[in-house]
Amino acid sequence: MSLFEDIMKTAQLVRRKVFISYYHKDDQKYRDSLEEDFGHMFISKSVQPGDISTDVSTDYIKALINQDFLSDASVLLVLVGPKTLCRKHVDWEISAALSSKVGGNSGVAAILLPELPLLSDGFDPATLPPRFYDNQASGYAIAYKWSYATASEANMRSIIETAFEARLSKKNLISNSRIQMGRNTCE
């Protein structure tokens, strides 16, 4: 049995703690679908609608997400739609997931949603959140098409486990030097 087969067999028994980062306004249906179809495979550490009051300061929201949701997540899945790259909360979540100060670094993977424009030879790096792109370019993070990710439990498990393993084996490739976004750059 190969090392990958050993990892996948073990992974079938282990439920990783997964935080799903996404643009709530546009991409909620994809997050709901992902959790409905594959939620039994992981422990969701994601912010649910209504978990955080919108009447509090952005600094408080940031601290709460870091402390209560991301601090013990071992994998961050970023759902990337057309406007994900310009959302400050997504940038903050990626930054926190990569930071050892928040509770240890998480593995990071992106799932490219069907509405994301693709080039004939793949995705356009300009459509990815910049902090994710930095880590994809360094070899730390990997992007997958929605159609691949959701085709089977084996594919989803492979994505989660690949990201989980990278948090240790590729830790030296983490790129988290960008200044965090201060505001959303699109609606």
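In terms of my numbering, the sequence shown opens at residue 173 and continues consecutively.
Beta carbons are placed, not taken as given, at the ideal position from N, Cα and C, and that holds for glycine.
Query raised in the report: Hey, is the segment 336-350 in contact with the segment 276-283, meaning 3+ C-beta pairs nearer than 8 Å?
Result: Yes, the segment 336-350 is in contact with the segment 276-283.
Query raised in the report: Quick one: is Q308 buried, meaning 16 or more other Cβ sit within 10 Å of its Cβ, or exposed?
Result: Translated into the one-based positions of the sequence shown, residue 308 becomes position 136. Looking at its Cβ environment, which holds 16 or more other Cβ atoms inside 10 Å, Q308 is buried.
Report task. Pick out whichever of A323, Y305, T357 and Y194 has its Cα sitting closest to the Cα of S349. Result -> The residue you call residue 349 lines up with position 177 of the sequence shown. Answer by Cα proximity: Y305.
Query raised in the report: Relative to the C-alpha of P254, which residue among P297, P289, S310 and L270 is closest?
Result: Against the sequence shown, residue 254 aligns to sequence position 82. When only C-alpha atoms are compared, the closest one is P289.
Query - Span of the alpha helix (DSSP H), counted from its first residue to its last, around L206 - result: Residue mapping note: residue 206 aligns to position 34 of the sequence shown, counting from 1. Run containing L206: H196 to F210, per the alpha helix (DSSP H) assignment.
Requested in this report: Select from A313, Y320, Y194 and T322 the residue whose C-alpha is nearest the C-alpha of V250.
Outcome: By 1-based counting over the sequence shown, the position of residue 250 is 78. Nearest C-alpha to V250: Y194.
Requested in this report: Can you give me the start and stop residues for the beta strand (DSSP E) that L248 sits inside?
Outcome: Residue numbering aside, residue 248 sits at position 76 when the sequence shown is read from its first letter. Start and end: V247 to V252.
Query raised in the report: Where does the unbroken beta strand (DSSP E) through L284 begin, and where does it stop?
Result: As a position in the sequence shown, residue 284 is number 112, starting the count at 1. It spans G279 to L284 - the beta strand (DSSP E) in which L284 sits, taken as one unbroken run.
Query - Helix, strand or coil at Y320 according to DSSP, with G and I counted as helix - result: For the purposes of this step, residue 320 is taken as the residue at position 148 of the sequence shown. It is helical.
Query raised in the report: What's the call for L257, buried or exposed, on a 16-neighbour Cβ count within 10 Å?
Result: Position 85 of the sequence shown holds residue 257. L257 comes out buried.
Report task. Leaving out five residues on either side along the sequence, give the residues of the same chain with a beta carbon under 6 Å from the beta carbon of V247. Result -> Translated into positions along the sequence shown, residue 247 becomes position 75. Excluding positions up to five away in sequence, the list reads R188, V190, S278, G279, I332, A335 and F336.
Query raised in the report: Going straight from the alpha carbon of S216 to that of I192, what length do you get?
Result: Locating residue 216 in the sequence shown gives position 44, where the first residue counts as 1. Locating residue 192 in the sequence shown gives position 20, where the first residue counts as 1. Going by the C-alpha atoms only, they are around 8 Å apart.
Report task. Give me the Cα-Cα distance between R329 and V262, rounded to the nearest whole angstrom. Result -> What you label residue 329 is simply residue 157 of the sequence shown in a count that begins at 1. What you label residue 262 is simply residue 90 of the sequence shown in a count that begins at 1. If you take the alpha carbons of R329 and V262, they lie about 23 Å apart.
Requested in this report: Look at D209 and T322 and say whether their C-beta atoms are less than 8 Å apart.
Outcome: Taking the first residue of the sequence shown as position 1, residue 209 is located at position 37. Taking the first residue of the sequence shown as position 1, residue 322 is located at position 150. For D209 and T322, yes; Cβs fall inside 8 Å.
Requested in this report: Look at the alpha carbon of V274 and the alpha carbon of F214, and state the distance between them as a whole number of angstroms.
Outcome: Start at 1 with the first residue of the sequence shown, and residue 274 comes out as number 102. Start at 1 with the first residue of the sequence shown, and residue 214 comes out as number 42. Cα to Cα, the separation comes out at about 21 Å.
Query - Backbone CA spacing between H212 and V186 [nearest angstrom] - result: Position 40 of the sequence shown, counted from the first residue, corresponds to residue 212. Position 14 of the sequence shown, counted from the first residue, corresponds to residue 186. Approximately 11 Å between the Cα atoms of the pair.
Report task. Alpha carbon to alpha carbon, how far is W318 from I283? Give it in angstroms, no decimals. Result -> Sequence index remark: in the sequence shown, residue 283 carries index 111 (1-based). Sequence index remark: in the sequence shown, residue 318 carries index 146 (1-based). Distance between the alpha carbons of I283 and W318: 6 Å.
Query raised in the report: Do Q352 and W264 have their CB atoms nearer than 8 Å?
Result: Indexing the sequence shown from 1 puts residue 352 at position 180. Indexing the sequence shown from 1 puts residue 264 at position 92. Their beta carbons are under 8 Å apart, which means Q352 touches W264 by this criterion.
Query - Opening and closing residue of the alpha helix (DSSP H) in which I266 lies - result: On the sequence shown, residue 266 is found 94 positions in, with the first residue counted as 1. Residues K260 to L270.
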